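Worksheet for the structure shown next.
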Amino acid sequence: GASAWDNAATALEAGAATVELHVRRPALPQVNSLRWMEFEGLFRHFVELDDASRWRMMRRVFSLPTPPPVDTMARTERHSNFRLRLGTPWLAVREVGDAVEVTLPEGVATADFLILGTGFATDLARRPELASLAPHVATWGDRYAPPPGEDAPEIARHPYLGPGFELGERVPGACPELRHVHLFNNAALPSVGPVCGGLNGLPQGANRIADAIARAFLLEDAGRYCEEFLGYEAPDSVETEAAARLAAQEKAAP
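In our numbering, each number is its position in the sequence shown, counted from 1, plus 69.
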């Protein structure tokens, strides 16, 4: 993926003697299925699609690999000390003195450092700041039962978010504080679409979450705002100054 290539390119640009990028697949992916989804209507309204449509589209997204960006690949190709090794799964890893040995199907490779760019996992319980909330969070598995043959355990583990990226309760009323937690990351992809994991959809995602949080603040404090407005009697400073000038002129008049 892009992150593995970015790390390889950064190491090369920082002066690494050699960099080898090992890929488990025998060939690099050629098609980025997310590119089809990059249009304004979907960015804005994916979250409003029914669960069945969102599930089916996400099954397609999650089933296909994403190729690295061409510009990222070019960063590595300009270095003669870069090597791409396809079809090289790692069978074992062990430390040997100050080095690391990696066992490959064809033998052993030795390196000074390893950078592991192997993908993402969505598991709220593994985040210390969210672990206490995780048992109360509604997931796609809690909210949607796919038809036979359309199971996708990885998607089912993702949180089922509201339109403003907010968490929902697994059991209504058990943890209402969840509505104050918004996830603006890849965990939101099945619920809200590709608006927080890539540059093209980011403007829509940023506007959506900002509007959602502002709306939540306003609605939650609506009673206080109403009372403050009804009791507001402080004169406007500009109007006060104007009134004072008029009063002074009237007093000075013969």
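Just so it is clear, CB atoms sit at the ideal spot from N, CA and C, and this is done for glycine as well. Computed from a predicted model, the values in this text were never measured in an experiment.
Checklist entry - For histidine 227, does the count of other Cβ atoms within 10 angstroms reach 16, so buried, or fall short, so exposed? => result Here residue 227 refers to the residue found at position 158 when the sequence shown is read from its first residue. It counts as buried.
Checklist entry - CB-CB under 7 Å to proline 98, same chain, minus the five flanking residues each way: which ones, in chain order? => result Start at 1 with the first residue of the sequence shown, and residue 98 comes out as number 29. Only Pro134, Thr135 and Pro136 meet the Cβ criterion.
Checklist entry - When the Cβ atoms of the segment 98-116 are set against those of the segment 163-179, are three or more pairs found closer than 8 Å? => result no
Checklist entry - Should alanine 321 go down as buried or exposed, given a rule of 16 or more other Cβ atoms within 10 Å for buried? => result Position 252 of the sequence shown holds residue 321. Its Cβ having fewer than 16 others within 10 Å, alanine 321 is exposed.
Checklist entry - For leucine 236, which residues of its own chain have a beta-carbon under 8 Å away from its beta-carbon, when the five flanking residues on both sides are left out? => result To locate residue 236, count along the sequence shown from 1; it is residue 167. Counting only Cβ-Cβ distances below 8 Å, and skipping sequence neighbours, we find Leu202, Val206, Ala207, Pro228, Leu230, Leu247, Arg248, Val250, His251 and Leu252.
Item to check | Given proline 232 as reference, the closest of Tyr301, Ser260 and Pro197 once Cα atoms are compared | outcome: Counting from one through the sequence shown, the residue named residue 232 turns up at place 163. Minimum Cα distance to proline 232 is reached at Ser260.
Checklist entry - Nearest-angstrom Cα distance between histidine 148 and leucine 185? => result Here residue 148 is taken as the residue at index 79 of the sequence shown, counted from 1. Here residue 185 is taken as the residue at index 116 of the sequence shown, counted from 1. Whole-angstrom Cα-Cα distance: 21 Å.
Next on the checklist: Among the candidates Ala275, Arg104, Glu296 and Pro95, whose CA atom is the shortest distance from the CA of proline 331?
Outcome noted: Here the chain has residues from 70 to 323 only, and residue 331 is not among them.
Next on the checklist: By the DSSP assignment, the beta strand (DSSP E) with leucine 173 in it spans what residues?
Outcome noted: Numbered from 1 along the sequence shown, position 104 holds the residue referred to as residue 173. That run of the beta strand (DSSP E) goes 168-173.
Checklist entry - Quick one: what's arginine 163 bridged to in DSSP? => result As a position in the sequence shown, residue 163 is number 94, starting the count at 1. Glu170.
Checklist entry - Thinking C-alpha only, which one of Ile278, Ser132, Gly70 and Gln318 is nearest threonine 188? => result Locating residue 188 in the sequence shown gives position 119, where the first residue counts as 1. For the record, residue 188 in the displayed sequence is glycine; it is not threonine. Per the Cα distances, Gly70.
Checklist entry - Per DSSP, alanine 154 forms a beta bridge with which residues? => result As a first step, residue 154 must be located in the sequence shown, where it is residue number 85. Residue 154 is actually arginine in this sequence, not alanine. Note: arginine 154 sits in a beta bridge opposite His91.
Next on the checklist: Could you compute how far the alpha carbon of alanine 83 sits from the alpha carbon of serine 102?
Outcome noted: Walking along the sequence shown from the start, residue 83 turns up at place 14. Walking along the sequence shown from the start, residue 102 turns up at place 33. Going from the Cα of alanine 83 to the Cα of serine 102 covers about 32 Å.
Next on the checklist: I need the DSSP call for valine 177, collapsed to helix, strand or coil.
Outcome noted: By 1-based counting over the sequence shown, the position of residue 177 is 108. Note: valine 177 maps to strand in three-state DSSP.
Next on the checklist: Would alanine 221 and arginine 123 qualify as a contact pair, given that the criterion is a beta-carbon distance under 7 Å?
Outcome noted: Numbered from 1 along the sequence shown, position 152 holds the residue referred to as residue 221. Numbered from 1 along the sequence shown, position 54 holds the residue referred to as residue 123. Not in contact: alanine 221 and arginine 123 (Cβ atoms no closer than 7 Å).
Checklist entry - Do aspartate 211 and arginine 239 have their CB atoms nearer than 7 Å? => result Position 142 of the sequence shown holds residue 211. Position 170 of the sequence shown holds residue 239. Yes; because the gap between Cβ atoms is below 7 Å, this pair is in contact.
Checklist entry - Between Phe182, Arg293 and Leu288, which lies nearest to valine 162 when the distance is taken from Cα to Cα? => result By one-based count along the sequence shown, residue 162 stands at place 93. Comparing Cα-Cα distances from valine 162 to each of Phe182, Arg293 and Leu288, the minimum goes to Phe182.
Next on the checklist: Quick check for students: name the residue ranges of the alpha helix (DSSP H) that lie wholly in the segment 194-251, counting only runs of 4 or more.
Outcome noted: 209-212 and 222-225
Checklist entry - When the Cα atoms are used, what is the spatial distance from leucine 160 to phenylalanine 131? => result By one-based count along the sequence shown, residue 160 stands at place 91. By one-based count along the sequence shown, residue 131 stands at place 62. Cα to Cα, leucine 160 sits roughly 25 Å from phenylalanine 131.
Item to check | C-alpha gap between glutamate 219 and arginine 125, whole angstroms | outcome: Locating residue 219 in the sequence shown gives position 150, where the first residue counts as 1. Locating residue 125 in the sequence shown gives position 56, where the first residue counts as 1. The straight-line gap from Cα to Cα measures roughly 8 Å.
Checklist entry - Excluding sequence positions up to five away, which residues of its chain have a Cβ less than 6 Å from the Cβ of glycine 270? => result Here residue 270 is taken as the residue at index 201 of the sequence shown, counted from 1. Only Phe112, Pro263 and Val264 meet the Cβ criterion.
Item to check | alanine 285 to leucine 268 span [Cα, whole Å] | outcome: Position 216 of the sequence shown holds residue 285. Position 199 of the sequence shown holds residue 268. So the two alpha carbons sit approximately 26 Å from each other.
Item to check | Buried or exposed by the 16-neighbour rule on C-beta atoms within 10 Å, applied to threonine 145 | outcome: Position 76 of the sequence shown holds residue 145. Its Cβ being crowded by 16 or more others within 10 Å, threonine 145 is buried.
Next on the checklist: Suppose you measure from the CA of glutamate 170 to the CA of glutamate 164; what does that come to, to the nearest Å?
Outcome noted: For the purposes of this step, residue 170 is taken as the residue at position 101 of the sequence shown. For the purposes of this step, residue 164 is taken as the residue at position 95 of the sequence shown. When rounded, the distance between both Cα atoms is 6 Å.
Item to check | Identity of the residue in Ile224, Gly274 and Trp105 nearest alanine 190 by Cα | outcome: Residue numbering aside, residue 190 sits at position 121 when the sequence shown is read from its first letter. Closest option to alanine 190, Cα to Cα, is Ile224.
Checklist entry - Can you name, in chain order, every residue of its own chain whose Cβ lies under 7 Å from the Cβ of tryptophan 209, other than the five neighbours on each side? => result Translated into positions along the sequence shown, residue 209 becomes position 140. Contacts found: Ile224, Ala225, His227, Tyr229 and Pro259.
Checklist entry - Do glycine 266 and asparagine 255 have their C-beta atoms within less than 7 Å of each other? => result Reading the sequence shown from its first residue, position 197 is the one you call residue 266. Reading the sequence shown from its first residue, position 186 is the one you call residue 255. Yes, Cβ-Cβ distance for glycine 266 and asparagine 255 is below 7 Å.
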